[in-house]
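Protein chains in written order, with full-length UniProt numbering: chain A, 1 to 434; chain B, 1 to 434. Here the structure is laid out as structure tokens; the discussion comes afterwards.
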């Protein structure tokens, strides 16, 4: 008979603090849900003197993290430090000392996940990480359990709130990227070093985790093709708007139904303005999951923030605590698939290219010929009336479906023809309605 | 070491047939996910000679259901018969003989759920029912596990595809209820006896299940206040459209943050046309969940249909099979809350009333006085220019928030004033943006 489940918290930032609050404020409720008292056993932080949350007993604070992860009386270690090291060392220490782990650390899982899952399995403990993807949104558990009787074909989502906020602001206020980023940083919606977010790396980590769960294959950060939003200009946004489209940074993972190859990518995409993902605004996240039998599912909610993320962490704590009380663990993460990773250059999509072309007779014919030479079929073409200072016009070309490799080669040839044309931007266009 | 998990299927209709297909066609995949072979042990149907699905081995067919549920070599009984009896007898037989149960039977769970959960707990087996609410949408597992570290405040959803389809057709095609119902029946989107759907009872069963999981209290079908769509007229639809609103049948369960009282209801509601639920069309379902920490979450997908529902059933089979292999069970469903059920008459909402009023001086004053006498504050009032054959005009009144009791009393007084006015319809209006 287990009387209490003792939880060690690593990190007491916005998520850690809210997690502590949920555990302490809901102690009676959680006890009845779990069948044992859920208590904080310790809270490890860099500087205990900086912590003043009323729900964190100061006697529990320590800066000796490894002492906490090694303690025999700790059942669950909740890692909310983020980053690769020392988080990885702490998580492994916890698992190897017989504690289950709850973590929100997508970077760690996207880099070392399979080793950590194996360490948990070997030690007969749990590792749960609902908060690592989509903040408050239950997406990990549905992929890990609810959909395991089906064949997932594709997952497509907005999984980074910072970039979604920035693109949103650029779209609704007509501001340029640098201005919006600066404002987002001032408001705390973007980090001082925003590279992980705007470079697409945070979304890529989440893509790797989702692909691993969906396709039962070891997919890492390095397997994900990443393009961020740093090159998205206000002119791209204006062009999208003129075409009744919206630009979103999407994480897309899919498995080819014919050859089984898995692809995982993060890139800005132009979506029809009435697409469900086009309407996901600000810091909200949304994930579409397509299954062979389930058809389309969508999960939507707050992708970040202290309390929302803590909601997911606390749900994992309750789940893992119940397992400890029952003397069991949840399902492990079976990674049996040997499916190949697709080459990102083979990925197919429609594209929109913004070109700058000289205003002379024959330039359209020349550009069209370059596209034709590469076998790229043009779906729509539009030349803007306005001239720039050099007397050039913008030319917008939307293609039919073509591989990434071919569109890059085509764009290179267009860029070569310097006397007549240059490439302003290339962006994927998804037209399938949702 | 468990070599195989043997599954008995009760019922081989559209969902049963697709469940069998997923098990048989994905046998190798499921074996690697579960760690043991998942096999059909038997398929009980009323008339085995009627079954011709290529993936169901004819040797497995039987019409002796209890022989199947009592067999020692059956690990999981999948109940897809529906209805109260004999489904309840079969499920209890399975649980009492040591088999875990997977069911999609919302009517059974809304009526006898807590007894069945207790029977499962007592016998040390699982009862899983993801498909009972929202078809393919993972909503049961998120409520049962993901959100158990948070306090759920409200759930609001479109959980019946038939009524959503009918209201959709009435809205987009301007047809009346009877015409659309007949067409839906011809197309197989509505049952020959459509009472359970259009009367709101199917949605009410789902509301009871969601309330039970969310609030940890025994909430049954009889606790749910039910209004169907059978009285929704094309005039109501037209009035909604004129106000830029859409009529949806919603299941709403909530817990009062002050007195803890739980309310559960199903009723047609006018939503702003740009509300996320307003855009859920046809047979799709969508469920909003509001948590204290998580904030708004939305789950969206196919609420019915053979393959989508089978996706949820198969996910439960895998989950339960993994538990059998590990010699454990999932969390039980703790129903510790003694919170009172709120009286539906105390439920507050804005309302829209459509009245028919005589075209004479003073009628507006008289109607306004009745509302004022009941303390009902009018937010908007609109008199239509057109006269009917009796020379009466339609008067649309939208109120501020008021209890159901008071609006009914007010409407009764309006109806009493027969010489001047009568009540055409009363409907809730939700204005809060999502």
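Where is the CB? At the ideal position from N, CA and C, for every residue including glycine.
Flag residue i as yes if its beta-carbon sits less than 8 Å from any beta-carbon of chain B, otherwise no.
i	result
residue 433(A)	The pLDDT assigned to residue 433(A) is 44, lower than 50, so where the model puts this residue is not dependable; a value taken from the coordinates is nonetheless given after this. No, residue 433(A) lies away from the interface with chain B (no Cβ there is under 8 Å from its Cβ).
residue 150(A)	yes
residue 13(A)	no
residue 312(A)	yes
residue 2(A)	no
residue 6(A)	no
residue 263(A)	no
residue 17(A)	no
residue 295(A)	yes
residue 338(A)	no
residue 22(A)	yes
Along the chain, where does the alpha helix (DSSP H) containing residue i start, and where does it finish?
i	result
residue 177(B)	177-186
residue 373(B)	363-373
residue 248(A)	No alpha helix (DSSP H) holds residue 248(A); the beta strand (DSSP E) holding it covers 245-255.
residue 412(A)	404-416
residue 117(B)	106-123
residue 318(B)	306-326
residue 29(B)	27-34
residue 1(A)	First-last for residue 1(A): undefined, no H or E at that position.
residue 205(A)	201-215
residue 146(B)	First-last for residue 146(B): undefined, no H or E at that position.
residue 329(B)	Neither: residue 329(B) is in no alpha helix (DSSP H) and is coded neither H nor E.
residue 87(B)	87-96
For the beta strand (DSSP E) that residue i lies in, which residues bound it at each end?
i	result
residue 383(B)	378-387
residue 296(A)	295-302
residue 156(B)	152-158
residue 76(B)	76-79
residue 398(B)	392-399
On the DSSP bridge assignment, give the partners of residue i in chain order.
i	result
residue 265(A)	225(A) and 252(A)
residue 40(A)	7(A)
residue 127(A)	101(A)
residue 170(B)	Beta-bridge pairing links residue 170(B) to no other residue.
residue 427(B)	352(B)
residue 285(A)	301(A)
residue 272(B)	245(B)
residue 14(B)	Paired residues: none, contrary to the question.
residue 292(B)	Beta-bridge pairing links residue 292(B) to no other residue.
residue 357(A)	393(A) and 421(A)
Comparing the CB of residue i with every heavy atom of the ligand SAM, is any distance shorter than 7 Å?
i	result
residue 260(A)	Of the ligands one can find in the structure shown there are none, so the ligand SAM has no counterpart to examine.
Under the assumption that residue i contacts residue j (Cβ atoms under 8 Å), give the Cβ distance between them as a whole number of angstroms.
i	j	result
residue 312(A)	residue 161(A)	14 Å between Cβ atoms; not a contact.
residue 22(B)	residue 314(B)	4 Å
residue 306(A)	residue 101(A)	Their Cβ separation, rounded to whole angstroms, is 20 Å, which puts residue 306(A) and residue 101(A) out of contact at 8 Å.
residue 397(B)	residue 352(B)	7 Å
residue 371(A)	residue 309(A)	Not a contact, Cβ separation roughly 46 Å.
residue 111(A)	residue 221(A)	5 Å
residue 419(A)	residue 358(A)	7 Å
Less than 8 Å between CB atoms is the rule here; does residue i satisfy it with respect to chain A?
i	result
residue 437(B)	Not covered by the structure: residue 437(B). The range shown for chain B is 1 to 434.
residue 298(B)	yes
residue 75(B)	no
residue 33(B)	yes
residue 283(B)	no
residue 308(B)	yes
residue 301(B)	yes
residue 240(B)	no
residue 350(B)	no
residue 255(B)	no
residue 291(B)	yes
Can you pull the chain E neighbours of residue i, defined as C-beta to C-beta under 8 Å?
i	result
residue 50(A)	Of the protein chains in this structure, namely A and B, none is chain E.
Interfacial residues, the stretch 130-147 of chain B to chain A, with Cβ spacing under 7 Å: 130, 136, 137, 138, 141, 142, 145, 146 and 147
Interface positions of the stretch 199-228 of chain B facing chain A (Cβ-Cβ less than 8 Å), listed along the chain: 216
The stretch 315-335 of chain A: positions lying closer than 7 Å to chain B by Cβ: 315, 317, 318, 319, 322, 326, 328, 331 and 334
Under 8 Å (Cβ pairs) to chain B, residues found in the stretch 83-98 of chain A: none
Contact residues within the stretch 51-75 of chain A, judged by C-beta distance below 7 Å to chain B: none
Near-chain B residues of the stretch 98-128 of chain A - C-beta to any C-beta below 8 Å: none
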